[in-house]
Structure formats: structure tokens, C-alpha cells
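Remarks on the structure that follows.
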Amino acid sequence: MIFQLAWRNVLRNARRSLITIAAIAIGLAALLFLWGFNDGVHNSMMRNLQQAIIGSVQIHADGYFRHPKLSRDLPDVQRVEDLLIKLGVQQYTRRIRTFALAAGDDNSEGLVLLGVDPVREVRVTNLHTKVSRGRFVSPGDGNTCVLGATTARNLGLTLGDDLVLLAADRFGALAADRFTLVGIVESGEMGIDRGLVVVPLASLDAMLGMQGRMTDIIVQSPPDKLEALTAALKQGLNGQGDAHAYEILRWYDMYPMMKQWVDLENAFYYIFLGVVLLIVAAGVMNTVLMSTLERMHEFGIMLALGCGGWRLAALVGLESVLLGLAGSALGLVVGLSLVGIFHHLGIDLSSQMDSITRFYINPVIHPEIDTDHLLITLASVLLAALLASLVPAWRAARLQPVEAIHHV
Amino acid sequence: MFDLSIYLKLGWRNLWLHPLRTGLTVAALALGIAALTFLSAMNDGWLQQIRTNFALTMTGHLQIHASGFQQTLKLARHIKDPAQVMQALDGLAGIHSVTSRLRVSGLASVAGANAGALVYGVEADKERHLSRLAGFVTQGRWLLDSDDRAVVLGDGLADRLQVALGDKVVLMAALDNGDIASEVFRVRGLLHSGVLDIDDLAAVVPLGRAQQWLDMGQGVTDIVVRADDFEQVTGLVDQLRQRLHAGDGSQSAAADSSGYEVMSWSEIDPMAEQWSAFADAYTWIVLAVVILVVLAEVLNTMLMSMHERSREFGLMGALGVRDSQMFFMVIWETVILVSVGSVLGFMTGGWAVWHFGKVGIDLSQFAVAFSFMYMSPVIHPLLAFDSLLGILGAAILGAVVAGLFPAWKAARLDPAAAMREV
Chain A
1 MIFQLAWRNV
11 LRNARRSLIT
21 IAAIAIGLAA
31 LLFLWGFNDG
41 VHNSMMRNLQ
51 QAIIGSVQIH
61 ADGYFRHPKL
71 SRDLPDVQRV
81 EDLLIKLGVQ
91 QYTRRIRTFA
101 LAAGDDNSEG
111 LVLLGVDPVR
121 EVRVTNLHTK
131 VSRGRFVSPG
141 DGNTCVLGAT
151 TARNLGLTLG
161 DDLVLLAADR
171 FGALAADRFT
181 LVGIVESGEM
191 GIDRGLVVVP
201 LASLDAMLGM
211 QGRMTDIIVQ
221 SPPDKLEALT
231 AALKQGLNGQ
241 GDAHAYEILR
251 WYDMYPMMKQ
261 WVDLENAFYY
271 IFLGVVLLIV
281 AAGVMNTVLM
291 STLERMHEFG
301 IMLALGCGGW
311 RLAALVGLES
321 VLLGLAGSAL
331 GLVVGLSLVG
341 IFHHLGIDLS
351 SQMDSITRFY
361 INPVIHPEID
371 TDHLLITLAS
381 VLLAALLASL
391 VPAWRAARLQ
401 PVEAIHHV
Chain B
409 MFDLSIYLKL
419 GWRNLWLHPL
429 RTGLTVAALA
439 LGIAALTFLS
449 AMNDGWLQQI
459 RTNFALTMTG
469 HLQIHASGFQ
479 QTLKLARHIK
489 DPAQVMQALD
499 GLAGIHSVTS
509 RLRVSGLASV
519 AGANAGALVY
529 GVEADKERHL
539 SRLAGFVTQG
549 RWLLDSDDRA
559 VVLGDGLADR
569 LQVALGDKVV
579 LMAALDNGDI
589 ASEVFRVRGL
599 LHSGVLDIDD
609 LAAVVPLGRA
619 QQWLDMGQGV
629 TDIVVRADDF
639 EQVTGLVDQL
649 RQRLHAGDGS
659 QSAAADSSGY
669 EVMSWSEIDP
679 MAEQWSAFAD
689 AYTWIVLAVV
699 ILVVLAEVLN
709 TMLMSMHERS
719 REFGLMGALG
729 VRDSQMFFMV
739 IWETVILVSV
749 GSVLGFMTGG
759 WAVWHFGKVG
769 IDLSQFAVAF
779 SFMYMSPVIH
789 PLLAFDSLLG
799 ILGAAILGAV
809 VAGLFPAWKA
819 ARLDPAAAMR
829 EV
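From first to last, the protein sequence lines are chains A and B.
Taking the working numbering, the leading residue of the first sequence gets 1, the next gets one more, and so forth.
Taking the working numbering, the leading residue of the second sequence gets 409, the next gets one more, and so forth.
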């Protein structure tokens with residue numbers, strides 16, 4: 001009965017209902033769009049970071065990440081790769097990583113020296129797509145290398161030049177070898193353009209006397225499977241009593257900076273959203289209060305006809321619930337459409353940034369929305385709309401019939 | 409021209425006739441403006457914080473090098489006569505402090521481990537006044553002017569080398585002529601700045617010892633200036649370039665190395681500048697959406713109140729009030745509402761900015777305690793003048809839209825239909 005009455009009231013005054021619904025819908029749609037923008041930036045940042053070079057998960061011998069020594073190589077590469085295949089992982093590759101000194105004409109530079117499998121590497125990371133001059137190391141290469149643009153400039157090297165690399169071999173003795181520069185990487189990221197040299201795995205193996213031993217296994221995984229994969233790897237490699245021979249590190253265990261950055265910016269965003277939510281709630285309260293004001297006469301007559309104060313309050317509350325639901329549904333549709341449309345079009349901020357990407361951010365942002373942000377926002381808007389209607393309902397319950405009827 | 413004073417009076421009385429309605433509309437406006445003021449101040453505070461932290465952590469507001477040093481980082485391009493530069497700095501207004509440094513990339517090694525390092529030769533006491541480096545020391549102590557072979561290491565570097573306080577570290581670097589020179593230092597302190605490039609690479613030693621070790625005489629590579637505030641930087645850079653006949657650091661490595669380059673913090677590392685430009689664009693989009701929400705809510709409230717008053721307008725129309733007069737009356741009401749709402753909004757927002765500017769907004773419970781990218785998790789909102797103008801603009805736009813549309817609707821009402829409306 002009350003429900004029917006509420007439903008009819010909502011329909012009867014279409015304009016008033018529409019204004020309230022619009023208030024809620026605009027607020028929700030705006031919030032969803034903002035989340036889409038925010039999540040779009042963050043997710044692409046995290047994806048780019050993982051795909052650039054470090055991968056989603058790295059597997060080393062225990063302690064290697066903090067204190068990389070070649071004698072701490074992976075105990076059993078085959079076992080790790082078998083496990084990865086068993087877990088259905090397709091994107092993985094092996095590397096040797098160490099520290100080297102590159103000697104230029106009149107200066108030298110400390111570099112991270114990476115030996116990569118040319119065939120598998122290109123399936124796991126997209127470093128090869130950042131080569132601006134020359135080419136990436138390829139299968140069948142002898143002693144070739146790829147350098148970051150800044151390092152190449154600092155060392156005064158161009159394509160075809162020879163580069164002498166000095167590094168400690170597996171036994172701690174100093175090894176030196178000559179590599180021909182075949183490619184220059186320009187990514188815009190300081191950690192890559194400066195301080196990195198990539199060579200074929202086989203050449204580095206020979207130079208450092210590794211005899212097939214590896215230091216890193218790099219795995220690429222979609223974000224939603226990351227935690228499960230890490231747990232499975234830990235279980236599979238360290239779970240069988242052989243006391244932590246491996247360390248399994250997610251990207252943010254190794255480089256926590258970006259994850260913390262995302263967390264911080266989300267916190268910043270929650271404050272923003274809290275304020276927007278307040279505005280939306282105030283807007284809803286305003287429209288509902290305004291409409292109770294407008295309907296004083298009507299309420300007075302209802303009370304005079306014997307409808308109790310609390311039933312009237314329930315009626316006003318129920319109307320708000322209906323409006324809230326309708327507004328949320330509309331806002332959800334509009335907001336998600338906006339996210340979808342801009343996801344396709346992209347929002348171009350390149351005029352605000354240099355042409356070079358930095359911090360793994362693309363200057364063209366493609367909004368996307370995380371499910372938990374979607375749900376939290378939807379729930380808060382609904383809740384805010386309902387809370388905002390409590391005041392008008394409470395006012396309606398306390399009306400005096402005669403006064404209300406006389407209200408202008 | 410008809411007499412408008414009666415409609416001025418009428419509009420004023422209308423507002424008082426329905427205090428609740430008027431109050432609600434003013435509140436909607438005030439809340440919107442307060443929210444915009446606060447959010448934009450939060451953003452400005454954040455950006456300011458990034459810039460300040462960047463400049464004060466290490467870089468300073470501006471640096472003077474020998475021409476071409478920043479690009480090549482070669483010791484050969486050093487300032488042979490620092491006294492000449494100091495002379496040029498004399499008498500310039502807006503300078504907080506000045507110090508000299510010797511910066512070279514090298515190798516740090518202990519028995520069994522070595523790692524790349526950025527060696528900074530610093531004037532211990534002056535450095536303490538200029539940058540925050542001394543304040544980042546977490547173990548041991550900062551350098552003293554009396555120190556000789558002492559080194560303060562970034563904690564990341566120390567961990568990589570597995571050294572602790574009191575241990576010996578050998579630092580190696582290439583000289584002008586290509587020879588490698590090495591020197592032994594004893595670890596006196598460890599620092600943690602939150603900036604990866606410093607924590608993982610920095611080895612800070614006394615300037616005098618570094619000059620001897622690297623055979624530099626009185627030469628230094630950087631003369632670092634901290635200005636009183638950011639507003640001074642452009643002026644200082646221009647004046648110094650004139651006094652020293654210096655370039656801006658963009659000359660190619662081949663340029664003659666006898667001159668100087670004067671570079672501001674944003675030229676030394678475009679990162680902080682670009683980052684704040686990006687963060688600005690980012691928040692601008694967010695603010696634009698918030699402005700839209702505020703506008704929509706204000707418009708809603710106004711429309712609702714117009715809707716409620718249809719009967720009243722109908723009656724006025726039936727009594728012979730002309731459309732233009734009605735339009736004028738509603739606009740007048742809106743002007744009053746918007747003015748009061750804006751003043752209240754700016755006051756509330758301003759208070760919030762002032763309050764949180766003092767206290768700070770602590771986000772560390774959301775994100776782990778950290779400081780990186782020159783950010784700290786406590787934000788101090790700061791109202792920039794530009795942003796204030798922007799908000800004022802948005803408020804006026806809001807007033808125009810929120811006032812014109814309902815006024816136009818009110819003026820167009822058909823009296824008979826309006827009066828019939830419940």
C-alpha cells in the first residue's frame with residue numbers, strides 16, 4: 001500500500017523526480033568517471049613498469065635480490081620452469097644479471113649487465129620495442145649489446161662501436177669482454193636509458209663462466225592472478241622442506257615505490273571523493289527537503305485523513321529509496337558509458353607533458369575502472385542518498401496537520 | 409524604462425519569506441565553493457610540497473657549473489676559480505645560502521663487494537644549512553668540518569656493500585686524464601632520504617679531501633644556491649647569467665668549457681617540473697568534474713525552488729507583472745543568493761585550508777609511511793592565487809547558469825497553467 005503510494009507519487013510529479021534523479025545520477029557518473037581516469041593512469045603505469053623490464057614476478061636464489069652475487073645462482077632452473085609450465089604460465093624467461101663497469105674513451109660508467117634469451121625475452125617484456133636506433137639483440141648474435149640512450153651518449157658510443165665490459169665472474173675474478181653496440185634504447189625512463197646494458201645470454205654465460213646457470217627467472221602475469229601465482233610458486237618451490245632455497249618476489253616487493261605511489265594517490269582521491277559525495281548528498285537533501293516543502297499542503301491533508309506521522313515518514317523515505325535507486329542506475333549507466341567511451345578515445349594530456357613518457361605513464365590516458373572502486377562508490381552514493389532523505393522524512397513525521405495545510 | 413526598485417524590494421522579501429528554501433540554496437552554493445576551494449588548495453599544497461622537497465633535498469634552487477658539465481658529468485669541466493663565481497653572487501638579493509660541491513660518479517668497494525656510487529664532496533657545515541641531507545642521517549652522524557676521510561653513505565648503498573658504521577670503504581673515480589684514483593674512507597653515517605637516486609648511490613665526503621684525492625686543487629663542479637623562495641629563482645638565474653656571461657646548460661658537450669652554465673632546479677632535473685605539470689593536468693581534470701557536479705547541484709536546487717514557486721509566478725503574471733520584470737526579479741534574487749553563498753563558501757573553505765594547512769592531512773594510514781618522489785604522506789593545503797581566481801570564475805559561471813535558466817523559465821511561464829499546477 002505504502003509502496004504503491006510512493007511509486008505513484010514518484011511518477012505523478014515527473015519533473016520533481018527527474019531533478020532528484022539527475023542530482024544523484026550526475027554525482028555518481030562524475031565519481032565513476034574520476035575513478036576511471038585515476039585507475040586508468042595507475043593501471044597503465046603498473047602494467048608499463050612490469051612490461052618494461054622487471055616482469056610481474058621474479059624468482060631468484062634466496063637473498064639474491066638484496067645481495068646479487070653470481071655464486072648465488074638459481075639452484076634448479078629446470079624445476080622452476082617445469083613448475084611454471086604446470087601452473088599454466090606462458091610468459092616467462094631466464095636471465096643472468098650482474099653489475100659491470102663500462103669503459104668509454106675518457107670515462108667509465110657503472111651499469112646493470114643483463115644477459116637475456118633473445119627469443120623468449122621479446123615475448124615477456126617490451127624492451128625491444130623501445131629500441132630507437134639499430135636493433136635488439138637477436139638469436140645467433142655473438143658479442144652484441146644494446147645500451148640506453150643516455151649511457152651511450154655519456155660513453156660517446158654510436159652503433160657499431162665496441163664497448164668493453166668489466167665484471168666479476170662466478171668465482172669473483174675480474175672478467176672483461178668486448179661487445180659490439182647494435183641497438184640504442186630510448187624509453188624516457190631514467191633507470192633504463194641510463195645504467196643498463198643488455199647482451200645475449202650465451203655470450204654473457206661464456207664471459208662469466210656460468211655454464212648454464214641463471215640468476216633470474218622473470219614471469220609476466222595479469223594483475224588479478226598475481227597473488228595466486230605467487231602463492232603457488234612459494235608453495236611449489238619452498239614448501240617441501242628444502243628450507244627457502246628460492247625467493248619469489250612480486251614487482252612491488254622489489255620496487256615498492258610505484259605501488260606506494262598508487263596507494264597514496266588513491267588515498268588523496270578518497271578525500272576528493274568524500275567531498276564530492278558530500279556535495280551529492282547535500283544536493284539530494286536539498287531537492288528532497290525542497291519537495292517536502294512544496295508538498296506541505298498535501299502532507300497536511302494526508303495527516304488530516306488519518307495517515308500517521310511515521311507512516312508519512314515511511315512514505316517519504318520510500319520515495320527517496322525509489323529515487324535513489326533510479327538515480328544510481330542512471331548514474332551507473334552514464335558513468336560506465338563515459339569510462340567506456342573515453343577508454344576507446346583516450347584523453348590526451350601530451351600538451352601537459354613532454355613527448356617522452358616518464359614514470360611509465362602514457363600521455364594518452366585510457367580510463368578503466370577497478371571493480372572494488374566501482375562497488376565502493378556505488379554503495380556510498382546510495383547510502384548518501386538514503387541518509388540525506390532521513391532529515392526530510394523526520395520533518396514530515398513531526399508535522400502538525402493544521403499548520404501544514406495552511407502552509408503557503 | 410519601468411521602475412525596478414519595487415522588484416528589488418520584492419526579491420529581497422521573497423528571500424526572507426522562505427528562510428528554509430533560501431538557506432538550502434545558499435548552503436548548496438557555499439558547500440560547493442568551499443569544496444572547490446579546499447580541494448584546489450589540497451592540490452596546490454601537494455605540488456608546492458613536491459617542488460620544495462625536490463629543491464631542498466639535494467638540488468638547491470639553482471646551480472652554477474662550468475659550461476657543459478651537467479650533460480657530460482666530466483670532471484674536466486669543473487669550475488677552476490670558485491672565488492670568481494662567489495664574487496658574482498655577492499650582493500644579489502633573495503639568496504638564502506650558497507655552498508660548493510664536487511660531484512663525480514665512481515665505484516665504491518669493500519672486500520667482496522662493489523657498487524656504483526655518486527660521490528659528493530661537500531662543505532659539511534654549509535651543506536647543513538642549504539640542503540636537508542644532514543637531516544636524513546639515520547645512523548651515526550653527519551660530516552663535521554674537521555672530518556677528513558669520513559663518508560656518509562646512502563642506506564641502500566651501504567646495504568649493497570654490507571658495510572656498517574666504522575667500516576672502511578674504498579672509493580674509486582676516474583680523473584681528468586683518465587687515470588683511476590682511489591681513496592679510503594671510514595663510514596661515519598648512513599642516510600635515508602626516500603629518494604632512490606640518493607639512497608642507492610650517494611657517498612658524501614668532505615670537499616677538501618675529495619679535491620685532494622681527485623687532484624682538483626681548489627676546483628669544484630657545482631656551486632649550489634638556495635633562494636629564499638621559488639619566486640626569486642627566475643630573477644636570480646637571469647642576473648647570474650648576465651654577470652657570468654653564462655649559458656643555460658643546453659649547449660652540446662662540444663661547447664667551449666671555459667665559460668659557465670647557470671641552471672634552475674627545473675632545468676637540472678626536468679623530472680620534478682614535468683611531474684608537477686602532469687599532476688596539475690591530472691587534478692585539473694578532477695577539479696573540472698567536481699565543478700560540473702557543483703554546478704549541477706546548484707542548478708538543481710534553483711530549479712526545484714523555481715518549480716515550487718510556479719504558482720506564485722503565475723499569480724504575479726496574472727496580476728500584470730511583465731516577463732522582463734519577473735526575469736529581473738529572479739536574477740536579483742540569484743545575485744543575492746550567489747553573493748552570500750560565495751562569501752560563506754570562501755570563508756568555510758578558507759578556514760578549512762588554514763586549519764589543515766597548519767595541522768596537515770595525514771595520509772600515512774592509507775599508504776604505508778614513506779617518502780619518495782619528494783613527497784611526504786602529510787599534505788598541507790595551500791591556496792594559490794591563480795586557483796582562487798579559477799574558483800571565483802567557476803562560481804560566477806555557476807551563478808550565471810544557475811540564475812539565468814530559472815529566471816528565463818520563470819519569465820516564460822503561462823500564468824493560467826502555472827497557477828493550476830499543484
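From the three backbone atoms N, C-alpha and C, an ideal C-beta is built for every residue, glycine too.
- Would you list, in sequence order, the uninterrupted beta strand (DSSP E) runs of no fewer than 3 residues that lie entirely inside the region 108–147 of chain A? 108–116 and 131–134
- Near-chain A residues of the region 453–486 of chain B - C-beta to any C-beta below 9 angstroms: W454, Q479, T480, L481, K482, L483 and A484
- Using three-state DSSP, classify A/G195 as helix, strand or coil. coil
- Based on the DSSP output, what are the partners of B/N522 in its beta bridges? B/S517
- Message: Please list, in chain order, the chain D residues whose beta carbon lies closer than 7 angstroms to that of A/I279.
- Response: Given the protein chain composition of this structure (A and B), no chain D is represented.
- Task: Compare the beta carbon distance of B/I699 and B/M450 with 8 angstroms and say whether it is the shorter of the two.
- Result: no
- Query: Name the chain B residues that come within less than 7 angstroms of A/G27, Cβ to Cβ?
  - Reply: V701
- Message: Quick check on the burial criterion: 16 or more other C-beta atoms within 10 angstroms. Buried or exposed for B/I588?
- Response: exposed
- Query: For chain B, is any of its Cβ atoms less than 8 angstroms away from the one on A/A23?
  - Reply: yes
- Is any beta-carbon of chain A found at less than 8 angstroms from that of B/D567? yes
- Message: I want to verify the contact list: residues of chain B whose CB lies under 7 angstroms from the CB of A/R15, in sequence order.
- Response: H715
- Query: Shortest alpha-carbon distance to B/A726 belongs to which of B/D822, B/R649 and B/A572?
  - Reply: B/D822
- B/F736 versus B/S684 - alpha carbon distance: 45 angstroms
- Query: Buried or exposed: where does A/H406 fall if 16 or more other Cβ atoms within 10 Å of its Cβ makes it buried?
  - Reply: exposed
- Query: Given A/I369, which residues of its chain have a CB within under 6 angstroms of its CB, disregarding the five upstream and five downstream residues?
  - Reply: W35, G36, D39 and V339
- Query: B/S672: buried (16+ other C-beta within 10 angstroms of its C-beta) or exposed?
  - Reply: buried
- At 8 angstroms on the CB atoms, spell out the chain A contacts of B/T709, in chain order. G283, N286, T287 and M290
- Query: Taking the continuous beta strand (DSSP E) assigned at A/D162, which residues delimit it?
  - Reply: D162 to A168
- Item | the region 500–534 of chain B: positions lying closer than 9 angstroms to chain A by Cβ | S513, G514, L515, G520, A521, N522, A523, G524 and A525
- Could you spell out where the alpha helix (DSSP H) holding A/H297 opens and where it closes? M296 to A304
- For my contact list, B/L541 and B/L599 are in at a C-beta cut-off of 8 angstroms; report their separation, rounded to the angstrom. 7 angstroms
- Using a Cβ-Cβ distance under 8 angstroms, would B/F778 count as near chain A? Note that B/F778 scores a pLDDT of 49, beneath 50, so its modelled location is shaky; the value from the coordinates is reported in the next line. Judged by the 8 angstroms Cβ criterion, B/F778 is in contact with chain A.
- Message: Under 8 angstroms: do the region 267–286 of chain A and the region 58–69 of chain A share three or more Cβ pairs, one atom per stretch?
- Response: no
- Query: Are the CB atoms of A/L312 and A/M302 nearer to each other than 8 angstroms?
  - Reply: yes
- Message: Please state the DSSP three-state secondary structure of B/M580.
- Response: strand
- Query: Exposed or buried, what is A/P222 when buried is set at 16 or more other beta-carbons lying within 10 Å of its beta-carbon?
  - Reply: exposed
- Query: Looking only at its own chain, which residues have a Cβ that is under 7 angstroms from the Cβ of A/A397, when we skip the five neighbours before and after it?
  - Reply: G309, W310, L312 and A313
- Task: Using only alpha-carbon positions, find the residue among A/K234, A/A25, A/R15 and A/L83 that is nearest to A/L382.
- Result: A/A25
- Name the two residues that bound the continuous beta strand (DSSP E) containing A/Y246. Y246 to R250
- Is the region 211–231 of chain A touching the region 146–155 of chain A, taking contact as three or more C-beta pairs under 8 angstroms? no
- Message: On the DSSP letters alone, give me the boundaries of the alpha helix (DSSP H) that A/R94 sits inside.
- Response: Premise fails: A/R94 lies in the beta strand (DSSP E), Y92 to A103, not in any alpha helix (DSSP H).
- In angstroms with no decimal places, state the Cα-to-Cα distance between A/L163 and B/G765. 54 angstroms
- Output the distance between the C-alpha atoms of A/S337 and B/L805, rounded to the nearest integer angstrom. 27 angstroms
- Item | Nearest residue (CA-CA) to B/S356, options B/T467, B/S413 and B/V493 | With chain B covering 409 to 830 only, the question about residue 356 of chain B has no answer from this structure.
- In three-state terms, what does DSSP make of B/G616? helix
- How should A/V391 be labelled, buried or exposed, when 16 other C-beta atoms within 10 angstroms of its C-beta is the threshold for buried? exposed
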